[in-house]
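Engineer: Here you go, one structure.
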Amino acid sequence: MSEAEWNREQAARLYQMSGWGRDFFAINELGNIQVVTDGTHPIDLKSVCDRMALQGLNPPLLLRFSDVIRRRMEQIHQRFLIARQESSYRGRYFGVYPIKVNQQHRVIKEIVDFGRRFQWGLEVGSKPELHAVLAMLDHVEGPIICNGYKDRAFTELALIGQKMGHQVFLVVEKPNELSLILDVAHYLKVTPLIGLRCRLAAMGNGHWENSGGDRSKFGLSASEMLEAIDQLRQRGKLESLRLLHFHIGSQIPQIRRIREAVLEAARYFVEVRRLGAPVSFLDVGGGLGVCYDGSIAGSPESVDYTLQEYANDIVWTIKRVCDQEGMPHPDIISESGRALVAHHEVLVVDILSVSQRSREARISRPGVGAPAQLRELWETFRDLTQVSPREALHDASAYRDDIIKLFNLGHASLSDRAQADEIYWQLIFRLMRSLDSEQKAQFVPGLATLAADRYYGNFSVFQSLPDAWALHQVFPVMPLHRLNERPVRQGILVDITCDSDGTLNNFPLGDGTSRTLPLHPKIEGEPYYIGVFLTGAYQEILGDLHNLFGDTHTVHVHLDEDGQILEQIHPGETVEEVLNYVEFPHAMLAEGMGRQLQAACESGLLSSREADSFLRFYRGGLKGYTYLDDNVTLQLSGILSTDQGIG
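The following block contains the structure:
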């Protein structure tokens, strides 16, 4: 297919956009990705990046679209409303956001603001998170769920929140927490709202399946549940038991796992009610998945259900059990964090350079004096169409290995080694062109990756996409522009860290995933922006400082009432800020550099003018971005004296 026959619809199919980005992302007539937040005012991502560049902020950029959170919240609430109405369910629904998923102040504030009309609550699992939530959640209707292990200070703070008018549920994760909660509540003269976390036999599947089942480190067994209820009854506090909770893991790919867990939890609810506890809330935890790879296959990177099916199965399963047993319908709480915020963030990476592994080139025949193995490698390349692709690759690999051995023994020259590499990679290139995608996958595993171009991006996988290297999580990746052009190269994305794990080489594509990504040739002097999508859950808070690359620039983008685009910029971390994390304060660095420059002056290596200029340059660099930045104006040209250089 020629470039003239390529269009944006084909690009959308190629990158599987209808699967992972249907509700929020599209390609406009210019061939640029746009975010669709209200249906009438799309936001062109290339235009946002260009405006940031004019202000001196180049990628890596983290773009946040708050209106996507609002729409996602509306979708979740609406799906549960439909399920409750169609089933005549008599309980209410409360969405709760676990702030561990993305603890950025702006994100939590938007959830609180948008969620006020839905009585959306927040979930915490530590004292710092609880401190943040009590200060943020200024409407008392939304529940606060306190999960995680607790000490006295945690418990006191939660009960203070309850005395302030909040609906704070203290969920018992292990048996000894119950006595602590009751003792602190007695001291503060408050009736606590207690929840019990059930350790279900049902398990999720995927990366986080061990959150449920017998191996889970959280929750109470059936016997421990009975002991907790007896303890509450003995202390006259059975009326405090208001909630049952379970959680079988994040990103549950298969709906049957969710249905099984809800059924088991509904039975727990019925039995606890029979024991006299006035439980009225059933918290089904998290697990609502995100379709990262664009399929509906139920793989760890996908889900085999829709949002409506998820809500239906929860509501109908609880209703059936309660109706069978003559029990009231509980209020339902779900802790959907990933599904709420994943879509609202896009990481933008600019490609610095491209290393082409294979390309069309003229290969000259080795001379008569060349090693025999080099001549045989060339003959394999020449006769490529006369043997099977597998045989040709095996022969070429063997001859190349022989030449490397000869080179290491001193029996082949550097020129021989270079020519062997050129012939080998040209053979790979021609093989790749002759095979279709299915043949490539079946022919030699890893062949596509071996032959792929390396697109070097200005970012850190470890800082911005930790799940990509830790869990091999797949994220949608595609160019933000030039999508009216056919992508003619196959590449992988490489970061600027000094670590071989800093690579993205698994991408949603077509009907599945691919080890390489179709990309365009980089045009010299022009940016080539690559977007990594669905990064709003966990990536920021789990990112680390490998090679001391810090937080990226962040841009909050939203629409005002008139549909105008508003942008709020939060600059990324500076070199000084990152070094301070590892106990290199500015004063110590400047003093150490100044001392060495002074010594260089005294030994005659530098003039005093040079030393002063170098110190200014050093201090200025501490204020700079940790990533590569062509906008930096700190240049050494002109600061050296005319009569002395650096020896």
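Heads up, the sequence shown is in our numbering, so the first residue is 125 and it goes up one at a time. Ideal Cβ placement from N, Cα and C applies to all residues, glycine included. Bear in mind the structure is a predicted one, so any value in this text is a computation, not a measurement.
1. Who are the near neighbours of residue 771 in its chain, counting only those whose CB is closer than 8 angstroms to its CB and skipping five residues on each side?
2. Is the CB-CB distance between residue 457 and residue 442 below 8 angstroms?
3. DSSP three-state call for residue 671: helix, strand or coil?
4. Would you kindly check if the distance between the Cβ of residue 659 and the Cβ of residue 586 is under 8 angstroms?
5. Skipping 5 residues on each side, what residues in its chain have a beta carbon closer than 8 angstroms to that of residue 302?
6. Which whole-angstrom value describes the C-beta separation of residue 103 and residue 193, a residue pair presumed to lie in contact below a C-beta threshold of 8 angstroms?
7. Taking the beta strand (DSSP E) that residue 602 falls in, what are its first and last residues?
8. Under three-state DSSP, which class holds residue 751?
9. Between the alpha carbons of residue 546 and residue 528, how many angstroms are there, rounded?
10. Do three or more CB pairs link the segment 400-416 to the segment 361-372 at distances below 8 angstroms?
11. Grab me the residues of residue 191's own chain with a C-beta within less than 7 angstroms of its C-beta, minus the 5 sequence neighbours each way, in chain order.
12. For residue 298 and residue 646, I'd like the C-alpha separation in whole angstroms.
13. If I'm right that residue 654 touches residue 612 with Cβ under 8 angstroms, what's the distance once you round it to whole angstroms?
14. Note down the Cα distance separating residue 609 from residue 130, rounded to an integer number of angstroms.
15. Ignore the nearest five residues each way along the sequence and tell me which others in residue 397's own chain have a CB closer than 7 angstroms to its CB.
16. Could you compute how far the alpha carbon of residue 696 sits from the alpha carbon of residue 233?
17. For residue 689, which of 166, 141, 225 and 207 has the nearest alpha-carbon?
18. What residue range does the alpha helix (DSSP H) around residue 279 cover?
19. Relative to the C-alpha of residue 324, which residue among 738, 231 and 392 is closest?
20. For residue 753 and residue 182, which I take to be in contact (beta-carbon distance under 8 angstroms), what is that distance rounded to the nearest angstrom?
21. Between 664, 676 and 604, which lies nearest to residue 135 when the distance is taken from Cα to Cα?
22. From the DSSP secondary-structure annotation, give me the bridge partner or partners of residue 458.
23. Keeping to the same chain, check which residues put their C-beta closer than 6 angstroms to that of residue 780; ignore five residues upstream and five downstream.
24. Here's the rule I'm using: 16 or more other beta-carbon atoms within 10 Å means buried, otherwise exposed. How should residue 125 be labelled?
25. Since residue 347 is in the alpha helix (DSSP H), which residue starts that stretch and which ends it?
26. Residue 655 lies in the beta strand (DSSP E); which residues open and close that run?
27. Specify, as a first and last residue, the run of the beta strand (DSSP E) that residue 405 falls within.
28. Can you give me the C-alpha to C-alpha distance between residue 375 and residue 496, rounded to a whole angstrom?
29. Is residue 257 buried or exposed, if buried means 16 or more other CB atoms sit within 10 Å of its CB?
30. Drop a sphere of 10 angstroms on the beta-carbon of residue 747, count the other beta-carbons inside from all chains shown, and report buried for 16 or more, exposed for fewer.
31. Just the C-alpha distance for residue 702 and residue 255, rounded to the nearest angstrom, thanks.
Structural biologist: Let me spell this out:
1. Numbered from 1 along the sequence shown, position 647 holds the residue referred to as residue 771. With a pLDDT of only 32 at residue 771, under the threshold of 50, the placement of this residue in the model should not be trusted; the figure read from the coordinates follows. Cβ within range, chain order: 729.
2. Residue 457 sits at position 333 when you count from the first residue of the sequence shown. Residue 442 sits at position 318 when you count from the first residue of the sequence shown. No; because the gap between Cβ atoms is not below 8 angstroms, this pair is not in contact.
3. Within the sequence shown, residue 671 is the residue found at index 547, counting from 1. In the structure shown, residue 671 sits in a helix (DSSP, three-state: H, G or I).
4. Position 462 of the sequence shown, counted from the start, is the residue given in the question as residue 586. Position 535 of the sequence shown, counted from the start, is the residue given in the question as residue 659. The answer is no: Cβ separation not under 8 angstroms.
5. Taking the first residue of the sequence shown as 1, we reach residue 302 at position 178. Counting only Cβ-Cβ distances below 8 angstroms, and skipping sequence neighbours, we find 296, 318, 352, 355 and 356.
6. Nothing about residue 103 can be read from this structure; the chain reaches only from 125 to 771.
7. Within the sequence shown, numbered from 1, the residue matching residue 602 stands at position 478. Where residue 602 is concerned, the enclosing beta strand (DSSP E) stretches over 601-603.
8. Here residue 751 refers to the residue found at position 627 of the sequence shown. Residue 751: coil per DSSP, three-state reduction.
9. Here residue 546 corresponds to residue number 422 of the sequence shown, with the count starting at 1. Here residue 528 corresponds to residue number 404 of the sequence shown, with the count starting at 1. Straight-line Cα distance between these residues: approximately 13 angstroms.
10. yes
11. The residue given as residue 191 occupies position 67 in the sequence shown. Only 161, 162, 682 and 683 meet the Cβ criterion.
12. Here residue 298 is taken as the residue at index 174 of the sequence shown, counted from 1. Here residue 646 is taken as the residue at index 522 of the sequence shown, counted from 1. C-alpha of residue 298 to C-alpha of residue 646: approximately 56 angstroms in a straight line.
13. Within the sequence shown, residue 654 is the residue found at index 530, counting from 1. Within the sequence shown, residue 612 is the residue found at index 488, counting from 1. The pair is not a contact, with the Cβ atoms about 16 angstroms apart (cut-off 8 angstroms).
14. In the sequence shown, residue 609 corresponds to position 485, counting from 1. In the sequence shown, residue 130 corresponds to position 6, counting from 1. Cα to Cα, residue 609 sits roughly 6 angstroms from residue 130.
15. Indexing the sequence shown from 1 puts residue 397 at position 273. Excluding sequence neighbours, residue 397 sits near 403 and 451.
16. Taking the sequence shown and counting its residues from 1, the one referred to as residue 696 is at position 572. Taking the sequence shown and counting its residues from 1, the one referred to as residue 233 is at position 109. Approximately 20 angstroms between the Cα atoms of the pair.
17. Along the sequence shown, one-based indexing puts residue 689 at 565. It is 166 whose Cα lies nearest to the Cα of residue 689.
18. Along the sequence shown, one-based indexing puts residue 279 at 155. Boundaries of the alpha helix (DSSP H) around residue 279: 276-287.
19. To locate residue 324, count along the sequence shown from 1; it is residue 200. The shortest Cα separation from residue 324 among 738, 231 and 392 belongs to 392.
20. Here residue 753 corresponds to residue number 629 of the sequence shown, with the count starting at 1. Here residue 182 corresponds to residue number 58 of the sequence shown, with the count starting at 1. Going by Cβ atoms, the distance from residue 753 to residue 182 rounds to 6 angstroms, so yes, they are a contact pair.
21. For the purposes of this step, residue 135 is taken as the residue at position 11 of the sequence shown. Of the candidates 664, 676 and 604, the one whose C-alpha sits nearest the C-alpha of residue 135 is 604.
22. As a position in the sequence shown, residue 458 is number 334, starting the count at 1. In DSSP, residue 458 forms a bridge with 219.
23. Any question about residue 780 goes unanswered here, given that the chain covers just 125 to 771.
24. As a first step, residue 125 must be located in the sequence shown, where it is residue number 1. Summary for residue 125: the model assigns pLDDT 44, below 50, so the residue's position carries little reliability; its value from the coordinates is reported in the next sentence. Exposed is the call here.
25. Translated into positions along the sequence shown, residue 347 becomes position 223. Per DSSP, residue 347 belongs to the alpha helix (DSSP H) from 346-358.
26. Counting from one through the sequence shown, the residue named residue 655 turns up at place 531. 653-657 is the span of the beta strand (DSSP E), which, as asked, contains residue 655.
27. Here residue 405 corresponds to residue number 281 of the sequence shown, with the count starting at 1. For residue 405, the enclosing beta strand (DSSP E) stretches over residues 405-407.
28. For the purposes of this step, residue 375 is taken as residue 251 along the sequence shown, with counting starting at 1. For the purposes of this step, residue 496 is taken as residue 372 along the sequence shown, with counting starting at 1. Distance between the alpha carbons of residue 375 and residue 496: 56 angstroms.
29. One-based indexing of the sequence shown puts residue 257 at position 133. Result: buried.
30. By 1-based counting over the sequence shown, the position of residue 747 is 623. So residue 747 ends up on the exposed side.
31. The residue you call residue 702 lines up with position 578 of the sequence shown. The residue you call residue 255 lines up with position 131 of the sequence shown. C-alpha separation (whole angstroms): 25 angstroms.
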